[in-house]
Structures are given as C-alpha cells and as structure tokens.
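Trainee:
Residue numbers (this note's numbering): 92 to 633.
#1: What residue does the beta strand (DSSP E) around residue 340 start on, and which one ends it?
#2: What's the C-alpha gap between residue 280 and residue 194?
#3: So residue 206 packs on residue 140, CB below 8 Å; how close in whole Å?
#4: For residue 351 and residue 393, which I take to be in contact (beta-carbon distance under 8 Å), what is that distance rounded to the nearest angstrom?
#5: Apart from the five residues just before and just after residue 107, which ones in its own chain have a Cβ nearer than 6 Å to its Cβ?
#6: From the DSSP secondary-structure annotation, give me the bridge partner or partners of residue 287.
#7: So the beta strand (DSSP E) residue 616 belongs to, where does it begin and stop?
#8: Expressed to the nearest angstrom, what Euclidean distance is found between the alpha-carbon atoms of residue 100 and residue 391?
#9: I'd like to know whether the C-beta atoms of residue 318 and residue 242 end up nearer to each other than 8 Å.
#10: Which residue or residues does DSSP assign as beta-bridge partners of residue 303?
#11: Is it buried or exposed, residue 129, if we count other Cβ atoms within 10 angstroms and call 16 or more buried?
#12: CB-CB under 8 Å to residue 593, same chain, minus the five flanking residues each way: which ones, in chain order?
#13: Under 6 Å Cβ to Cβ from residue 534, same chain only, skipping five residues before and after it: list those, please.
#14: With 16 as the cutoff for other CB atoms within 10 Å, does residue 443 come out buried or exposed?
#15: Determine contact between the stretch 267-286 and the stretch 426-436, defined as no fewer than three beta-carbon pairs at a distance below 8 Å.
#16: Which residue's Cα is closest to the Cα of residue 552: 525, 571 and 576?
#17: Between 531, 562 and 549, which has its C-alpha nearest residue 540's C-alpha?
#18: At the level of alpha carbons, what is the spacing between residue 364 and residue 603?
#19: Helix, strand or coil for residue 231 per DSSP?
#20: Within the continuous beta strand (DSSP E) that includes residue 560, where are the two ends?
#21: May I have the straight-line CA-CA distance separating residue 203 from residue 231, to the nearest angstrom?
#22: With a threshold of 8 Å, are at least 3 pairs of Cβ atoms found where one atom belongs to the stretch 142-149 and the other to the stretch 444-454?
#23: Kindly indicate the opening and closing residues of the beta strand (DSSP E) around residue 53.
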C-alpha cells in the first residue's frame with residue numbers, strides 16, 4: 092500500500108472527484124512543485140484506477156529518459172506487484188503488453204497502434220507539450236483517441252504555463268481543461284516538505300542589452316557572445332567561490348557550451364572540483380559524473396539546461412545562474428533543483444547574476460506569460476527590497492529584523508531594487524489585514540467561460556474583489572463550493588443566479604487578508620464572525 096503525504100492524497104482524491112463529477116469528459120491538470128513527489132502521486136493514480144475501475148490500460152508518458160526510469164522504479168518500490176513495463180529505446184526496453192506502460196514520447200509517437208484502447212494517458216512534465224497540433228505528443232494522442240474516443244489525459248507539472256502561450260488549460264488548443272489540484276511552493280516549504288530558498292545580492296549583473304529574442308527566448312549565439320567574456324566570468328567565479336565557502340554542492344548554469352566550459356575551467360583553476368554536463372555527454376559518463384557529485388567527490392556541476400527536468404540531487408545547496416532566460420518555466424525548473432530536502436543543508440542559496448528574478452518575479456507568483464509581469468522597459472514590477480548590511484541577505488522592504496542574522500534595520504533605510512536584489516520567494520511580502528465595511532455581490536461574465544460570482548469587499552475607500560466559480564468544473568468549482576459552505580452553509584447553489592437570490596444567507600466577513608501579487612491585490616483569507624459574538628466586537632482582533 093502506498094503511503095502518501097496529506098497533499099499527495101488530496102491531489103489523488105481531486106483526480107477521482109474530477110472524473111466522478113462534472114469533469115468526467117474533461118482533462119485535469121495537477122500542479123505540484125518540483126521535489127514534492129509527483130512520482131508517488133502518479134503511482135497511486137495508477138494503483139487506485141486499477142482497484143476502482145477494474146481492467147484498465149494506462150500509458151505514462153514523458154520526454155526525458157531519466158524520468159521514465161525514475162517513475163517506473165519508484166512505482167516498483169512502492170507497489171512491487173505493479174503490472175508495469177517500459178517502452179523506451181534509450182533504456183533498451185520495448186514492453187507494451189502490460190496494463191501500465193512508462194513511455195518516452197520519442198520512442199512511441201509512431202507506435203500508437205501497439206497500445207490498444209488506452210483509458211488514461213498520464214503526462215509527466217506536461218508543460219513540455221507544445222500547443223501546436225502537429226507535434227509528437229499531439230499526433231500520438233490523436234491516434235490513441237481513434238482507438239478510444241473517451242480517452243482521458245491527466246497532466247502533472249510544477250509549471251502550468253508555457254513561455255509562448257500562457258496557461259496550459261486556457262486558450263485555443265489547450266489540451267487540459269482546468270487545474271484539479273495545486274499545492275503551492277510556499278505551503279510545501281512551510282510544512283517542511285521542501286527546502287527554503289534564500290537570495291544574496293551579487294555585485295555582478297549580466298547585461299543582455301542588444302541581445303535579440305527569437306520565439307520568445309534570447310538568441311543563443313548572441314547571448315553567449317554577450318556574457319561569455321573573460322573578465323566577467325572571472326568576477327562571477329570569484330563571487331561564486333566567496334558565497335559558496337560554507338556550501339558543498341553547487342550547480343552553475345551558463346549561457347552556452349563554451350560559456351560553461353570557460354566557467355568550469357576557471358573554477359578548477361581556483362581549486363574547485365567541477366565537471367560539465369551537456370546534451371551530448373555520453374549516458375555512462377553523465378551517470379558517473381552525477382554519482383560522484385552526489386557522493387561529494389565533485390563540488391560543482393556546470394551546464395546549460397540538462398540539469399533541470401529529471402535531475403534529482405537533494406544535496407544541492409547553492410545555484411549560480413549565469414543564464415538569462417525569457418522562459419519562466421525554465422527559470423522555475425532551474426531554481427527547483429535546490430528545493431529538495433537533505434539532512435546536510437538548511438536551505439539553498441540562489442545567486443542570480445542573470446536578472447531572472449527581476450525578469451519573472453518570485454517563483455511562487457509566476458503565472459502565464461512572463462511578459463505579463465513586466466513594464467514597458469522590460470523590467471519587473473516586483474516588490475521593493477533591501478540588503479542586510481551585516482549578512483547581505485535580500486529581504487522585503489518592510490522587514491525590520493533580518494531573519495538570517497538578526498540585524499535590526501534603522502527606520503531610515505536605503506531602498507535598493509536592482510535585479511540581483513530581488514527575493515526568489517515572496518515569503519517576505521507583507522500581508523495586509525483590513526476591516527470590511529460592506530460586501531457587494533454581482534455576476535461576472537467572461538467570454539467562453541461559465542459565469543462566476545464576483546464578491547467585492549469594501550474597506551473604507553478601497554475595494555477588493557474575488558471570484559467564486561460555482562458553475563466551473565474541476566478545481567475552480569471545488570474551491571467555489573468550499574467557499575460557499577464556509578460563508579453560507581448548505582446546500583451549495585448550482586448557479587450564480589441562485590447564489591445571488593440567496594446572498595442573504597452568506598455571513599458577512601469582519602475582515603479580509605490581502606496579498607500583493609505584481610500589480611494586483613489578491614484576497615487570500617476572510618475573517619468570519621463567531622456565532623456568539625457581534626461583528627463590532629470582533630473588529631478589534633482583525
């Protein structure tokens with residue numbers, strides 16, 4: 092029997108609630124941060140499907156060979172009798188006769204005929220499916236639907252968006268219909284399932300002025316030419332070594348093959364054991380390098396992007412980014428390499444020489460197209476921050492005491508908001524608690540979407556809104572029903588019209604909690620009056 096963490100069980104339950112409810116004809120998406128155990132969730136979905144639905148055919152598909160084997164091996168450890176096989180040319184296995192098959196898309200995209208009447212396709216790293224209909228993924232899925240028009244697709248990802256086309260479940264051609272479950276990075280850290288990330292101010296910042304973009308990303312050749320400069324590399328290496336003195340397992344991300352080699356050579360020249368890994372590094376050599384890194388025989392690994400998806404080294408305690416990227420997903424995947432727990436580390440240090448935090452914002456707030464978070468000059472509208480003069484930690488402007496060293500900030504402070512100053516997590520962003528004077532309800536209509544209930548909280552001269560999606564399927568609908576039960580009791584209205592007719596049943600909050608996200612404020616919590624106290628009596632505690 093698989094043993095799940097609470098959020099993993101919630102994710103699995105959400106999938107089955109989805110299929111047993113209004114989402115039975117739709118495709119759900121599960122969002123779990125890197126390092127929170129998507130393999131275990133995937134395994135339990137397979138096991139429970141077999142147990143509850145009887146004879147099933149399930150295909151688990153991804154693009155990375157390491158993930159195929161990792162997912163398969165973890166299922167076999169947790170569920171030894173799992174009726175599962177692997178179809179991957181890179182692994183050297185072509186098994187398709189089992190009820191559960193772990194596949195590499197490169198190996199099976201022309202082999203759909205081997206997989207008769209598939210019920211579920213589970214896509215790991217779902218953000219890597221292009222929106223374009225003419226891709227290996229889309230062609231394979233379309234052929235499977237010929238064999239079973241009722242085929243359902245379940246996606247798992249840490250980053251539910253693409254760089255070029257926004258959220259995975261919105262817009263024309265979206266493969267998924269909605270998010271059925273999401274577990275946040277901040278909750279995972281607070282609840283002890285992920286390692287904390289800290290950011291330190293770097294003196295060096297890479298300049299991408301004049302580097303053009305193509306397809307939404309920096310042109311690789313121009314980028315490498317701009318940043319792979321001996322003097323700049325030397326300054327970066329000196330800072331990396333300075334900050335990394337007390338850290339034992341470093342990842343360094345460069346902007347090209349030659350850039351990575353130059354950085355690695357400079358680190359070695361300074362007495363730091365360092366190896367490079369690229370896409371063409373032989374499989375056996377790559378495995379040996381990673382094994383020696385995990386054992387502590389190599390202190391640093393330098394790469395462009397190979398050490399992102401599928402790379403699992405919990406001991407990573409420092410990441411140096413010398414690769415500017417326009418891809419929010421790539422940025423989150425890189426930073427995620429340092430979030431796994433390990434007994435030898437208290438946190439992971441992020442050194443952002445590449446201005447990626449300024450470009451995209453804190454990783455727990457990124458949503459959709461990263462350009463949505465930029466102003467006309469291409470700079471982020473992220474939170475103002477300051478540096479601790481004692482330990483150089485980057486903290487939010489409102490902090491009066493440094494959480495790392497205890498330094499007490501004077502009331503007159505110098506505001507610093509350059510790229511490398513920005514925190515990689517929004518945990519230091521203050522949350523406002525406001526008294527509510529009035530609540531207004533209205534119908535909100537958006538094209539191609541069911542109507543939602545717009546709830547507006549009047550707090551003095553300022554109004555804050557949230558949207559309750561009672562008529563939406565999936566996760567949004569589940570959240571809406573939970574909202575109504577908390578605010579109004581039972582039964583939950585089926586439509587927004589019914590909700591407005593019954594709005595008098597709703598308990599009026601005495602206060603709300605509001606969090607700044609980019610240019611907008613999000614209502615994160617409502618404070619409801621206790622049954623035995625008047626609202627006026629409770630306002631004092633809000």
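Quick reminder that beta carbons are idealized off the backbone N, C-alpha and C, glycines included.
Mentor: Based on what the coordinates show:
#1: By one-based count along the chain shown, residue 340 stands at place 249. Unbroken run through residue 340: none, as it is neither H nor E.
#2: In the chain shown, residue 280 corresponds to position 189, counting from 1. In the chain shown, residue 194 corresponds to position 103, counting from 1. In a straight line, the C-alpha of residue 280 is about 32 Å away from that of residue 194.
#3: Here residue 206 refers to the residue found at position 115 of the chain shown. Here residue 140 refers to the residue found at position 49 of the chain shown. Contact doesn't hold; Cβ gap of about 16 Å is too wide.
#4: In the chain shown, residue 351 corresponds to position 260, counting from 1. In the chain shown, residue 393 corresponds to position 302, counting from 1. Contact holds; Cβ gap of about 5 Å.
#5: Counted from its first residue, the chain shown places residue 107 at position 16. Excluding sequence neighbours, residue 107 sits near nothing in its chain.
#6: As a first step, residue 287 must be located in the chain shown, where it is residue number 196. DSSP output for residue 287 lists 438 as bridge partner(s).
#7: Against the chain shown, residue 616 aligns to sequence position 525. Run containing residue 616: 611-618, per the beta strand (DSSP E) assignment.
#8: Here residue 100 is taken as the residue at index 9 of the chain shown, counted from 1. Here residue 391 is taken as the residue at index 300 of the chain shown, counted from 1. The alpha-carbon atoms of residue 100 and residue 391 are separated by roughly 36 Å.
#9: The sequence position of residue 318 within the chain shown is 227, counting from 1. The sequence position of residue 242 within the chain shown is 151, counting from 1. Taking 8 Å as the Cβ cut-off, residue 318 and residue 242 do not qualify as a contacting pair.
#10: In the chain shown, counting from the first residue as 1, residue 303 sits at position 212. According to DSSP, which records beta bridges pairwise, residue 303 is partnered with nothing at all.
#11: Numbered from its first residue, the chain shown carries residue 129 at position 38. Buried.
#12: What you label residue 593 is simply residue 502 of the chain shown in a count that begins at 1. 579 and 584.
#13: By one-based count along the chain shown, residue 534 stands at place 443. For residue 534, where only same-chain residues beyond five positions count, the Cβ hits under 6 Å are 542 and 587.
#14: On the chain shown, residue 443 is found 352 positions in, with the first residue counted as 1. Buried.
#15: yes
#16: Counting from one through the chain shown, the residue named residue 552 turns up at place 461. Cα-wise, what sits closest to residue 552 is 525.
#17: In the chain shown, counting from the first residue as 1, residue 540 sits at position 449. For the residues 531, 562 and 549, the minimum Cα distance to residue 540 belongs to 562.
#18: Here residue 364 refers to the residue found at position 273 when the chain shown is read from its first residue. Here residue 603 refers to the residue found at position 512 when the chain shown is read from its first residue. The straight-line gap from Cα to Cα measures roughly 52 Å.
#19: Residue 231 sits at position 140 when you count from the first residue of the chain shown. Residue 231 falls in the helix class under three-state DSSP.
#20: As a first step, residue 560 is located in the chain shown; it is residue number 469 there, counting from the start. Note, residue 560: premise wrong, no beta strand (DSSP E); not H, not E.
#21: Numbered from its first residue, the chain shown carries residue 203 at position 112. Numbered from its first residue, the chain shown carries residue 231 at position 140. Rounded to whole angstroms, residue 203 to residue 231 spans 6 Å at the Cα level.
#22: no
#23: As displayed, the chain neither begins before 92 nor continues past 633, which places residue 53 out of reach and without an answer.
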